[in-house]
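*Asks:* Position in the first sequence counted from 1, then plus 3, gives you this note's numbering.
All C-beta atoms, glycine included, are put in the ideal place defined by N, C-alpha and C.
These numbers were taken from a predicted model, which means no experiment stands behind them.
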Amino acid sequence: MDPARLIFDSSSSQRHHGQPMLLLGSGGVSPVFGGAAISALAEGANKRRPFFTSPDEILEEEYYYDEQLPEKKRRLTTDQVHLLERSFEAENKLEPERKSELARKLGLQPRQVAVWFQNRRARWKTKQLEQDFDRLKSSYNSLLSDHDSLLKENDRLHSQVISMTETLKNKAAALTAAAAASVNDPASLGVPKKAEDRLSTGSGGSAVVDANQLVYSSEESCLPEGYHCMGPVDGPVHSEEDDASDEGCNYYSDGIFTAEHHQHQEEEEDAQLGWWVWN
DNA sequence: TTGTGTTTTATTGCCTCC
DNA sequence: GGAGGCAATAAAACACAA
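(1) Out of LEU109, SER142, LEU97, which has the shortest C-alpha to C-alpha gap to ARG124?
(2) Alpha carbon to alpha carbon, how far is ALA177 from SER185? Give it in angstroms, no decimals.
(3) What does the alpha-carbon distance come out to for the pair MET167 and LYS130?
(4) In whole angstroms, what is the alpha-carbon distance linking TYR143 and GLU156?
(5) In chain order, what residues of the same chain lie with their CB nearer than 6 Å to the CB of ASP151, ignoring the 5 residues before and after it?
(6) Closest to GLU104 by C-alpha separation, out of LEU86, ALA183, THR170, would be which residue?
(7) Compare the C-alpha of ASP82 against each of GLU92, GLY110, ASN95 and name the closest.
(8) Can you give the Cα-Cα distance for ARG126 and ALA106, rounded to whole angstroms?
(9) Taking VAL116 and LYS102 to be in contact with their CB atoms under 8 Å, please state how far apart those CB atoms are, rounded to whole angstroms.
(10) Buried or exposed for PRO99, going by 16 or more other Cβ atoms inside 10 Å?
(11) Is it buried or exposed, PHE136, if we count other Cβ atoms within 10 angstroms and call 16 or more buried?
(12) Along the chain, which unbroken stretches of the alpha helix (DSSP H) at least 4 residues long are found entirely within the region 68-134?
Spelled out as structure tokens, the structure:
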């Protein structure tokens, strides 16, 4: 700011309250004050002379503007700020009556009170925004953490499904191989003839399988701990006419299962993925 | 003491409302 | 059109490390 514009610029200061605006040069002390002003500035903040010295004086504009030209921009005293803060807490908007009353009590220009409230509202708004930001950030971080946990859990379960599916495939293949061997040499397996009715190779033909080999105890189960095979609990519903595949298998509720062809794709998927129930 | 960052006081321009 | 609010900004006052 040009120091030459020091003191008043009455042409541009009528906007809000119809009073002249202070225009002071940057740096230095207003020349309208001498050593007294400098010594006043040297005092502590609480000891500083307030902008206006008494309520009566501020109401006498002639006195104030003509005889007690203010110093440079000054901070309000702690008492003034305290009263303004209390007033702001009660109501952050300033009606004209309250503005005048506060100005009178504080020994300030009503315009200064209005400006203080305006700046105080701006600070309050900034603080609110910061708090809102912190809340949103915290919420976001929490959601992000939950999301990460769910992703990890999803990956873990997916790996488990793949592993179990692979195990099932291997066991089904072993069963198929065993069944095929029994076709070639039934006597070697010592399988009772009646077992033919219960077991099927899934290869499209009649097969005799050693039932003892097909009995799985719960400890030997290919299923993960806590899972049980579920299936047609009423017993095997398969026949020699079944068009068995290597991957299909069916499970008995008594722990016996046989290779079996699944005629429908949905059933195959069930056997691979969905036939588990958690205990 | 000085440089620098922050806070406070104040102004300006624009907008809305009555 | 005047009054008042707000955002942006200037500038003084202040805090503090080096």
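*Replies:* Taking the geometry as given:
(1) Relative to ARG124, the option among LEU109, SER142, LEU97 whose CA is nearest is LEU97.
(2) Near 12 Å, if we compare the C-alpha coordinates of ALA177 and SER185.
(3) Each residue's alpha carbon lies about 55 Å from the other.
(4) One alpha carbon belongs to TYR143, the other to GLU156, and they sit about 20 Å apart.
(5) There are no such residues.
(6) Cα-wise, what sits closest to GLU104 is LEU86.
(7) Each of GLU92, GLY110, ASN95 was checked against the Cα of ASP82, and the nearest Cα belongs to GLY110.
(8) ARG126 and ALA106 have their C-alpha atoms some 21 Å from each other.
(9) With 8 Å as the limit, VAL116 and LYS102 qualify as a contact, their Cβ atoms being about 5 Å apart.
(10) PRO99 is exposed by the Cβ-count criterion.
(11) Burial call: exposed.
(12) Fully contained in the region 68-134 are the following alpha helix (DSSP H) runs of length 4 or more, in chain order: 81-93, 99-109.
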